[in-house]
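Protein sequences, first through last, are from chains A and B.
Going by this note's numbering, the first sequence opens with residue 1, and the numbers climb by one from there.
Going by this note's numbering, the second sequence opens with residue 1, and the numbers climb by one from there.
Worksheet: the structure to be examined is printed underneath.
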Amino acid sequence: MFYLKYVLSELRRRRGRTLVTALGLAVGVALVVTVNALSAGLDRAQDRVLRPLTGVGTDLSVSRPISFSRGGNGLSTGERRRLVQENGPRPLALTKLGKPGSHFSRDDFVATSQLSFSSSKVSRIRQLSGVAAAAGGLTLTTIHVEGKVPKRQQQAQQQFGAGSVAAGPPRNINLSSISVAGVDVRHPGLGAVTPGQVSSGRFFERASAAHEAILDLSYARRKGLRVGGTVHVGGKAFRIVGLAQTPLGGQSSDVYLELSRLQQLAGRRGRVNTVYVRATSASAVDGVSREIKSAVPGASVTTAKDLADRVSGSLVDAKNLTGKLGLALEIVGLVAAFLIAALLTIGAVAKRTKELGTLKAVGWSQRLVVRQVTAESVVQGLLGGALGIALGLAGAELVSAVAPSLTATVANAVQATPLPGPFGQGQPTSASTTIHLDAPVSLGLLGLAVLLAVAGGLLAGAAGGLRAARLRPAEALRHLE
Amino acid sequence: MTNDRLYDLRSVSRVYGERANKVRALRDLDLTVCDGEFLVVAGPSGSGKTTLLQLLGGLDRPTEGEVLFDGRDLATLGDAELTGLRLRTIGFVFQQFNLIPTLTAAQNVEVALAPRGLDAAGRRAAVERALASVGLEERADHLPSQLSGGEQQRVAIARALANEPRVVLADEPTGNLDSATGEEIVELLRSLSNGGGRTVIVITHDPQVAEAAPRVVRLRDGTLEEAA
């Protein structure tokens, strides 16, 4: 094809200008590739942080927190009664535990800082539009009291705090507490623990789930428990079938049991205090959140976005920086590159007045001349795109090779409560993790780079073509004289 | 030479600039050129020769008067019609050859054929024909930088002839050549008229070129005087 041969020969002839124009475009394109790759790397890093928080496939979690800031005034009469019923004082009547000197053991289950609600709410949420699946969960603290029944005199002293014995818990009596979460094994992807979080052993098997337990890895290490061993909860023995990795900033429990078994042990049949919800699509999440709040008064709905908002640290700083400065860099880089390409093309057209005038004299139409100038620019743009992609890939590769460390700190999902002890699992804590940044380059990004380069070439070609179009052949030829 | 009028210029003036900067390149010029004629327009630099050539080639329009080509006033034609006229009917030869340095001799000739929409074989045949007519078929693959001045001008003439035009307009075709080569080029141009039946109009300030022409008109300060 003659026109293409002409384009290529012109670009070869003006190697210097071609290279400068292509390099100008390449810098702009490389900036876009590198910054976008960095941004994708940061997204991926954030996703790695958030995935354990959200659980596999969980888009929203629903709870009914107690509003301590209002002194409980935000609760209805029924809710207050249930709160007292589920968490109210259980006096340790030592005289009723057995004969003085005999051994006793007792387990009590108390709720966390969340009110429980009926399992029927789970069914109701499941029926809402935009909900793909929903499963209930129950998180409790079991308080284990064990010791010897004190003698009557000791009891009196301990009860009234008189005499030489200081007031406080009875001697020879041990108290311990562990957090326990019930998991609906019919929905293994939705719950306090999911198969993906099990780092050793396995997840619950439906047939035998009532006798199985999964332990939090750090709890198991602390207590020296292993898969295949036994753990006691509420006075019952459970076979340890798996150990689960504590999710960063997640609401971990020491022990995970099958939901209905925990409800039975804790005397809370048909009660749950968390609902895990999967939406039909990401776009449905906000709508589902609103519907749940309307369907379950007082419900607190936490979405993946809320979780993302809880992440802080250099990861977030870098992401914010990339989001703001990166975009500005991309725009400035591209504008500068396009401007350079356009100015160089206009300059080249000015230098080629003689040639373009000759073309018009020998019968080239204005359209053909403009097309030729634009085609040269587009090829330059493609060359710049190729160079830019190479530079951008090198930049992204450099980032991946250096793999800078970023920290992500995630505030605990459990709401702060001023009441330690039976109402909660202690104060919420923050967890941090270090993530090595990479800069992945997708095919889509490469496509964008090529498009930008062609757009830059077209823009420069349009500028040069406009100049060429304005050339009157007589003036162009007179220019020679 | 036939007596059919190909060009008929009536009271043609061409003015550049405005007010204080006004330059009157041509003044009330009348000229007739017959079909198949070999005409030399002589005159010193700045006399308006190139302006006249551009009006004849449809590259410019007169400020006043009419430039009739085959009975049609070129001033009334649109850009597309003038482009078509230049492509099919008029061939240009320039003093500095105006070849594209990155293209071979054959490709430089092809430049004039490309807008015609011929297929590759048709273009190749036309290129070969044009180069053969100027005796440069052996130099088809040479770049302009590999050709002598005379050869470059021959390539330019081949480019002008590629579309087999009725008219060849040459602007100082020997200006950049030595006298011997210049004579060859003039002879070549004259043969286009005598043997080829084309109308050839050569603009020059070279008296030797003027001597070789059967008809010479002289331009002085934009006005025309017929030479003896």
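Cβ coordinates follow ideal geometry from the N, Cα and C atoms, glycine included.
Here the structure is a predicted model, which is why all the values come from computation and not from measurement.
Straight-line CA distance for residue i to residue j?
i: residue 202 of chain A; j: residue 134 of chain A; result: 22 Å
i: residue 107 of chain A; j: residue 253 of chain A; result: 17 Å
i: residue 124 of chain B; j: residue 372 of chain A; result: 21 Å
i: residue 143 of chain B; j: residue 137 of chain B; result: 13 Å
i: residue 301 of chain A; j: residue 287 of chain A; result: 12 Å
i: residue 265 of chain A; j: residue 234 of chain A; result: 6 Å
i: residue 115 of chain B; j: residue 88 of chain B; result: 10 Å
i: residue 105 of chain B; j: residue 127 of chain B; result: 9 Å
i: residue 39 of chain B; j: residue 209 of chain B; result: 10 Å
i: residue 67 of chain B; j: residue 334 of chain A; result: 51 Å
i: residue 30 of chain B; j: residue 60 of chain B; result: 17 Å
i: residue 181 of chain B; j: residue 150 of chain B; result: 6 Å
i: residue 161 of chain A; j: residue 148 of chain A; result: Any answer about residue 161 of chain A is weak, because its pLDDT of 42 lies below 50 and its placement is not dependable; what the coordinates show is given next. Straight-line Cα distance between these residues: approximately 19 Å.
i: residue 303 of chain A; j: residue 293 of chain A; result: 12 Å
i: residue 6 of chain B; j: residue 166 of chain B; result: 10 Å
i: residue 202 of chain B; j: residue 177 of chain B; result: 15 Å
i: residue 9 of chain A; j: residue 396 of chain A; result: 34 Å
i: residue 456 of chain A; j: residue 330 of chain A; result: 14 Å
i: residue 150 of chain A; j: residue 101 of chain A; result: 6 Å
i: residue 191 of chain B; j: residue 58 of chain B; result: 24 Å
i: residue 291 of chain A; j: residue 285 of chain A; result: 10 Å
i: residue 386 of chain A; j: residue 95 of chain B; result: 41 Å
i: residue 208 of chain A; j: residue 46 of chain A; result: 37 Å
i: residue 99 of chain A; j: residue 189 of chain A; result: 49 Å
i: residue 196 of chain A; j: residue 242 of chain A; result: 11 Å
i: residue 217 of chain B; j: residue 225 of chain B; result: 6 Å
i: residue 417 of chain A; j: residue 223 of chain A; result: For residue 417 of chain A, the predicted model reports a pLDDT of 38, less than 50, meaning its position is unreliable; a value from the coordinates is still stated below. Each residue's Cα considered, the two are about 27 Å apart.
Starting from the Cα of residue i, find the closest Cα among the options and give me that residue.
i: residue 194 of chain B; options: B/168, B/182, B/175, B/203; result: B/168
i: residue 64 of chain B; options: B/207, B/48, B/50, B/27; result: B/27
i: residue 109 of chain B; options: B/25, B/75, B/134; result: B/134
i: residue 143 of chain A; options: A/129, A/176, A/111; result: A/176
i: residue 91 of chain B; options: B/25, B/54, B/47; result: B/54
i: residue 4 of chain B; options: B/70, B/15, B/50; result: B/70
i: residue 132 of chain B; options: B/157, B/176, B/172; result: B/157
i: residue 275 of chain A; options: A/401, A/45, A/65; result: A/65
i: residue 162 of chain B; options: A/363, A/17, A/408; result: A/363
i: residue 119 of chain A; options: A/260, A/207, A/240, A/332; result: A/260
i: residue 245 of chain A; options: A/318, A/262, A/236, A/200; result: A/200
i: residue 131 of chain A; options: A/279, A/263, A/242; result: A/279
Around the C-beta of residue i, are 16 or more other C-beta atoms found within 10 angstroms, so that it is buried, or is it exposed?
i: residue 488 of chain A; result: Since the first and last residues shown for chain A are 1 and 481, residue 488 of chain A lies out of range.
i: residue 3 of chain A; result: exposed
i: residue 465 of chain A; result: buried
i: residue 160 of chain B; result: buried
i: residue 62 of chain B; result: buried
i: residue 127 of chain A; result: exposed
i: residue 427 of chain A; result: Confidence is the limiting factor: at residue 427 of chain A the pLDDT is only 35, short of 50, which leaves the residue's position unreliable and the question unanswerable from this model.
i: residue 119 of chain B; result: exposed
i: residue 220 of chain B; result: exposed
i: residue 206 of chain A; result: exposed
i: residue 59 of chain A; result: buried
i: residue 467 of chain A; result: buried
On the premise that residue j lies in contact with residue i, defined as a C-beta separation below 8 Å, what is that separation, rounded to the nearest angstrom?
i: residue 460 of chain A; j: residue 366 of chain A; result: Not a contact, Cβ separation roughly 18 Å.
i: residue 33 of chain B; j: residue 199 of chain B; result: 6 Å
i: residue 453 of chain A; j: residue 381 of chain A; result: 5 Å
i: residue 114 of chain A; j: residue 273 of chain A; result: 4 Å
i: residue 446 of chain A; j: residue 378 of chain A; result: In fact, because the Cβ distance is near 18 Å, the residues do not count as touching under 8 Å.
i: residue 353 of chain A; j: residue 476 of chain A; result: 5 Å
i: residue 439 of chain A; j: residue 400 of chain A; result: 5 Å
i: residue 474 of chain A; j: residue 345 of chain A; result: In fact, because the Cβ distance is near 24 Å, the residues do not count as touching under 8 Å.
Please confirm whether residue i and residue j have their CB atoms less than 8 Å apart.
i: residue 100 of chain B; j: residue 111 of chain B; result: yes
i: residue 205 of chain B; j: residue 11 of chain B; result: no
i: residue 217 of chain A; j: residue 225 of chain A; result: no
i: residue 349 of chain A; j: residue 359 of chain A; result: no
i: residue 198 of chain A; j: residue 191 of chain A; result: no
i: residue 392 of chain A; j: residue 34 of chain A; result: yes
i: residue 5 of chain A; j: residue 146 of chain B; result: no
i: residue 227 of chain A; j: residue 213 of chain A; result: no
i: residue 408 of chain A; j: residue 433 of chain A; result: yes
i: residue 262 of chain A; j: residue 193 of chain A; result: no
i: residue 30 of chain A; j: residue 388 of chain A; result: yes
i: residue 295 of chain A; j: residue 82 of chain A; result: no
i: residue 62 of chain A; j: residue 299 of chain A; result: yes
_Under 7 Å (Cβ pairs) to chain C, residues found in the segment 441 to 473 of chain A_ = The chain labelled as chain C is not found among the protein chains of the depicted structure, namely A and B.
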